[in-house]
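First to last, the protein sequences are chains A and B.
In terms of the working numbering, the first sequence opens at residue 1 and continues consecutively.
In terms of the working numbering, the second sequence opens at residue 1001 and continues consecutively.
Think of the CB as a built atom: it goes at the ideal place given N, C-alpha and C, for glycine as much as any other residue.
Keep in mind that this is a model prediction, so the values were computed, not measured.
Number of protein chains: 2
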Amino acid sequence: MTEVRIIGLVGLPEVRPGDDLAAQILQAAVEQQLTLEAGDVLVVTQKVVSKAEGRIVDLDDVEPGDFARQIAERWEKDARLVEVVLGESARIVRMDHGVVICETKHGLICANAGVDSSNVEKLGTVALLPDDPDASATAIRDRAAAEAGVDIAVVITDTFGRPWREGHVNFAIGVAGMAPLWDYAGAYDPAGLELKVTQMAVADELASAAELVQGKLERTPAAVVRGYDYPKGDGSLADLLRDPELDLFR
Amino acid sequence: MTEVRIIGLVGLPEVRPGDDLAAQILQAAVEQQLTLEAGDVLVVTQKVVSKAEGRIVDLDDVEPGDFARQIAERWEKDARLVEVVLGESARIVRMDHGVVICETKHGLICANAGVDSSNVEKLGTVALLPDDPDASATAIRDRAAAEAGVDIAVVITDTFGRPWREGHVNFAIGVAGMAPLWDYAGAYDPAGLELKVTQMAVADELASAAELVQGKLERTPAAVVRGYDYPKGDGSLADLLRDPELDLFR
Chain A
1 MTEVRIIGLV GLPEVRPGDD LAAQILQAAV EQQLTLEAGD VLVVTQKVVS KAEGRIVDLD
61 DVEPGDFARQ IAERWEKDAR LVEVVLGESA RIVRMDHGVV ICETKHGLIC ANAGVDSSNV
121 EKLGTVALLP DDPDASATAI RDRAAAEAGV DIAVVITDTF GRPWREGHVN FAIGVAGMAP
181 LWDYAGAYDP AGLELKVTQM AVADELASAA ELVQGKLERT PAAVVRGYDY PKGDGSLADL
241 LRDPELDLFR
Chain B
1001 MTEVRIIGLV GLPEVRPGDD LAAQILQAAV EQQLTLEAGD VLVVTQKVVS KAEGRIVDLD
1061 DVEPGDFARQ IAERWEKDAR LVEVVLGESA RIVRMDHGVV ICETKHGLIC ANAGVDSSNV
1121 EKLGTVALLP DDPDASATAI RDRAAAEAGV DIAVVITDTF GRPWREGHVN FAIGVAGMAP
1181 LWDYAGAYDP AGLELKVTQM AVADELASAA ELVQGKLERT PAAVVRGYDY PKGDGSLADL
1241 LRDPELDLFR
C-alpha cells in the first residue's frame, strides 16, 4: 500500500525575534514523541521563520511616501502598510480592486509582497517574508542533521491566492535537501507515449498537503510529511519560478 | 497528534468507456483491505473518470477547421488536436509561445482546455475533461454510500500549470459531499486580530496531497485522504472559480 502521512507538530511556543526556531521545532518533535527519520520532509510556515529572523515591522516606525498615501487613500488601506509592501516589492504586477499583486525581491508573485498582519503577536506590527527562504530552510535542515542525526528535506511555505480560483493554498517559498520539481522527462505512460507534461511542482504539493494539518490559526506551524520519496537534489526556490520570458501573465 | 493519512488505491484495471468506475474503485479498496470510513475523502484523477464516461476522441475522426490549421502550422502542433481543444473552449485566455490557455465550458482556466493525449490506452486518441465533474464526483459518492454504507467526500482532480511558477500541481475540478473552501470569516488569530484572508481552497490542497501518492504515470488513479476534518456542505466546482469581474488575470 502506498501511504504518505502528514503529522502536525504541536506545542511550539510563541516564536519571538532571535529565537532558535530549529531547536524549538526539534524539541516539539521530541515532546510529542515523534522521532524524525531520514527522508522526512519538514514543512514550516513562513510566519514562524519570519518571527525568529526578526522580520517584523512596527507600523508606528514607518513613514509612508506619497505613492503609498495615494494608494491607501483610494482603497482605504493603512498607508504605512502600503509603504512596507512597496518596500518589499521589486515590481508591481497588477494593482486593481484594492489588491496589489507584487513581485518580491525573491521573484515570488503574490498579493502584498507577502507582507501579513495576521498571526503576529502584537497588533500594529506586520511580518515580512524571510530574507532568503532557501537559507532559512537550509539552516533548519542542517540543525536536524547535526542534532537529530537525520537527513531530511525542509520546505518553507506561505499561503497565496491564485488567478482564476477562489481561496488561498500553501506554496513553497524555500526548500532545502530536495529538488522541488519531479521531472518525468523521458518517462512513458502505459500506452508507450512519452509524457509531455514533464514536471510536477511537488514542493508546492507538499506545502498544500501540510496545510491540511496546520490550518490558518497558526497553532501548528510545522508538519512532518513521512513516506514520500521526494526527488533528491539541492533545489531552491529559483527552480520553481518561471522564466519571465516564457510567462503569459506578467 | 494531528495526523492526516494519504493512502493510494492500487490495482484498478485499465478503465474503458462504459466501465463502472465507482464499482472498480470500491473493489480496489476491498482488495487492498482498506475499509472506507465516514469522513474519508476519495480523490480520483480526471483521466479515469473521463475514460469511464467515454470522453475519449480518436483524432482520426476529427476534421480541423481553418483556425485550428493556422495555429497548428505556426506552433508545429497536430491540427486535429487543436480543433478538439478549441471545441472544448468557451474562450481563449492567452495564446503564445505555443501554449493555448483556455477557459473551458466549466469555467476552468487551463492549458489546452484540459485535453490530454497522455495516459490514454490507444495512441492517437485524446481524453477530454468530464462533462460535469461535480456530477461525476456525486455519482461515486452516492455509490459509496449505497454499497459501502459510508458518507465520504469525493474530489475529482486534474493537473494544471500555474502562472509564474514552474511545474504542474493537482487541482480540484469537481467535488461532492464537502465545501471546497474553508472559511475563516469571523475567526481570530492568537493576537486577537480578525483574519482577513478568510478562505483556504482545501479541495485544491486535498488534490495536491493525493498527487503525492498518485504520481503522473497513472498507476494509482485514486487515493483516500483519512483524518482530515473537511468543511461540510454541498459544494461544487463553481465555489472554486473566481468571479470574472474580480479577476486581475483574465
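### Query
So which residues on chain B does A/Glu166 lean against when the C-beta distance must stay under 8 Å?
Start at 1 with the first residue of the first sequence, and residue 166 of chain A comes out as number 166. Close to A/Glu166, with beta-carbon spacing below 8 Å, are these residues of chain B in chain order: Leu1181, Gln1199, Ala1201, Asp1239, Leu1240, Leu1241, Arg1242.
### Task
Report the neighbours of B/Ile1101 on chain A: residues whose CB is nearer than 9 Å to its CB, in chain order.
Taking the first residue of the second sequence as position 1, residue 1101 of chain B is located at position 101. Those are Leu248, Phe249, listed as they occur along chain A.
#### Entry: Burial state of A/Asp58 (16 or more Cβ within 10 Å)
If you number the first sequence from 1, residue 58 of chain A lands on position 58. Exposed, since its Cβ has fewer than 16 Cβ neighbours within 10 Å.
### Task
Provide the residue span of the alpha helix (DSSP H) that contains B/Thr1138, from first to last.
Taking the first residue of the second sequence as 1, we reach residue 1138 of chain B at position 138. B/Thr1138 -> alpha helix (DSSP H) spans 1133-1143.
### Task
Go to B/Ala1090, then tell me how far its beta strand (DSSP E) extends in each direction, as first and last residue.
Translated into the one-based positions of the second sequence, residue 1090 of chain B becomes position 90. For B/Ala1090, the enclosing beta strand (DSSP E) covers residues 1089-1096.
### Query
If the cut is a Cβ gap below 9 Å, which residues of chain B does A/Ala148 touch?
Taking the first sequence and counting its residues from 1, one reaches residue 148 of chain A at position 148. Simply none; closest approach about 18 Å.
### Message
How far does the alpha helix (DSSP H) with B/Asp1204 in it extend, from its first residue to its last?
### Response
For the purposes of this step, residue 1204 of chain B is identified with residue 204 of the second sequence, where counting begins at 1. That run of the alpha helix (DSSP H) goes 1202-1214.
#### Entry: Residue range of the alpha helix (DSSP H) that includes A/Asp243
Here the question's residue 243 of chain A lines up with position 243 in the first sequence. No alpha helix (DSSP H) holds A/Asp243; DSSP gives it neither H nor E.
### Query
When we look at the beta-carbon of A/His168 and count the other beta-carbons within 10 Å, is it buried (16 or more) or exposed?
Looking up residue 168 of chain A in the first sequence gives position 168. The residue in question, A/His168, is buried, as its Cβ has 16 or more Cβ neighbours within 10 Å.
### Query
Would the beta-carbon of B/Gly1008 fall within 8 Å of that of B/Ala1207?
Position 8 of the second sequence, counting from 1, holds the residue named residue 1008 of chain B. Position 207 of the second sequence, counting from 1, holds the residue named residue 1207 of chain B. Taking a C-beta distance under 8 Å as the contact criterion, B/Gly1008 and B/Ala1207 do not qualify as a contact pair.
### Query
How should B/His1097 be labelled, buried or exposed, when 16 other C-beta atoms within 10 angstroms of its C-beta is the threshold for buried?
As a position in the second sequence, residue 1097 of chain B is number 97, starting the count at 1. Exposed is the call here.
### Task
Answer with yes or no whether the minimum CB distance from A/Asp61 to chain B is below 8 Å.
Residue 61 of chain A sits at position 61 when you count from the first residue of the first sequence. Nearest CB-CB separation between A/Asp61 and chain B: not below the 8 Å threshold.
### Query
Where does A/Glu88 land, buried or exposed, given buried means 16+ other C-beta within 10 angstroms?
Locating residue 88 of chain A in the first sequence gives position 88, where the first residue counts as 1. By the neighbour-count criterion, in which a residue is buried when 16 or more other Cβ atoms sit within 10 angstroms of its Cβ, A/Glu88 is buried.
### Message
Would A/Lys51 and A/Val99 be called neighbours here (beta carbons separated by less than 8 Å)?
### Response
Counting from 1 along the first sequence, the entry for residue 51 of chain A is found at position 51. Counting from 1 along the first sequence, the entry for residue 99 of chain A is found at position 99. Contact: no.
### Task
For A/Ser50, decide whether its Cβ has a neighbour in chain B, counting only Cβ atoms nearer than 8 Å.
Position 50 of the first sequence holds residue 50 of chain A. Residue-level contact check: A/Ser50 does not touch chain B, since none of the beta carbons of chain B fall below 8 Å from its beta carbon.
### Query
So what's A/Gly174 in DSSP terms, helix, strand or just coil?
Along the first sequence, read from residue 1 onward, the residue named residue 174 of chain A stands at position 174. Three-state DSSP puts A/Gly174 in a strand.
### Task
Report the residues of the region 204-229 of chain A with a CB closer than 9 Å to any CB of chain B, ordered along the chain.
Cβ contacts with chain B: Asp204, Glu205, Leu206, Ala207, Ser208, Ala209, Ala210, Glu211, Leu212, Val213, Gln214, Gly215, Lys216, Leu217, Glu218, Arg219, Thr220, Ala223, Val225, Gly227, Tyr228.
### Query
Less than 8 Å separating the beta-carbons of B/Asp1134 and B/Gly1174?
Looking up residue 1134 of chain B in the second sequence gives position 134. Looking up residue 1174 of chain B in the second sequence gives position 174. A contact, by the Cβ cut-off of 8 Å.
### Task
Determine the contact status of A/Leu212 and B/Val1004, defining contact as a CB-CB distance below 8 Å.
The sequence position of residue 212 of chain A within the first sequence is 212, counting from 1. The sequence position of residue 1004 of chain B within the second sequence is 4, counting from 1. With a cutoff of 8 Å on beta-carbon distance, A/Leu212 and B/Val1004 are scored as near each other.
### Reduced DSSP secondary structure (H/G/I, E/B, other) of B/Ala1052
Position 52 of the second sequence, counting from 1, holds the residue named residue 1052 of chain B. B/Ala1052: helix per DSSP, three-state reduction.
### Within chain A, the residues that B/Ile1156 reaches when beta carbons sit closer than 8 Å
Working through the second sequence from its first residue, we reach residue 1156 of chain B at position 156. Neighbours of B/Ile1156 on chain A: none; closest Cβ ~15 Å, over 8 Å.
### Task
Output the distance between the C-alpha atoms of B/Thr1220 and B/Ile1006, rounded to the nearest integer angstrom.
The count along the second sequence starts at 1 and reaches residue 1220 of chain B at position 220. The count along the second sequence starts at 1 and reaches residue 1006 of chain B at position 6. If you take the alpha carbons of B/Thr1220 and B/Ile1006, they lie about 12 Å apart.
### Task
With DSSP as the reference, please indicate the residues paired to A/Leu42 in a beta bridge.
Numbered from 1 along the first sequence, position 42 holds the residue referred to as residue 42 of chain A. According to DSSP, A/Leu42 bridges with A/Val154, A/Val224.
### Query
Name the chain C residues whose beta carbon is nearer than 7 Å to that of B/Ile1140?
The structure shown has no chain C; the protein chains it does contain are A and B.
### Query
Should A/His106 be flagged as near chain B, meaning a C-beta pair shorter than 8 Å?
Locating residue 106 of chain A in the first sequence gives position 106, where the first residue counts as 1. Not a single C-beta of chain B is nearer than 8 Å to the C-beta of A/His106.
### Query
Are the CB atoms of A/Ile156 and A/Pro130 nearer to each other than 8 Å?
Numbered from 1 along the first sequence, position 156 holds the residue referred to as residue 156 of chain A. Numbered from 1 along the first sequence, position 130 holds the residue referred to as residue 130 of chain A. Yes, the Cβ-Cβ distance between A/Ile156 and A/Pro130 is below 8 Å.
### Task
Answer with yes or no whether the minimum CB distance from A/Val126 to chain B is below 8 Å.
For this step, residue 126 of chain A is matched to residue 126 along the first sequence. Taking 8 Å as the CB threshold, A/Val126 stays off the interface with chain B.
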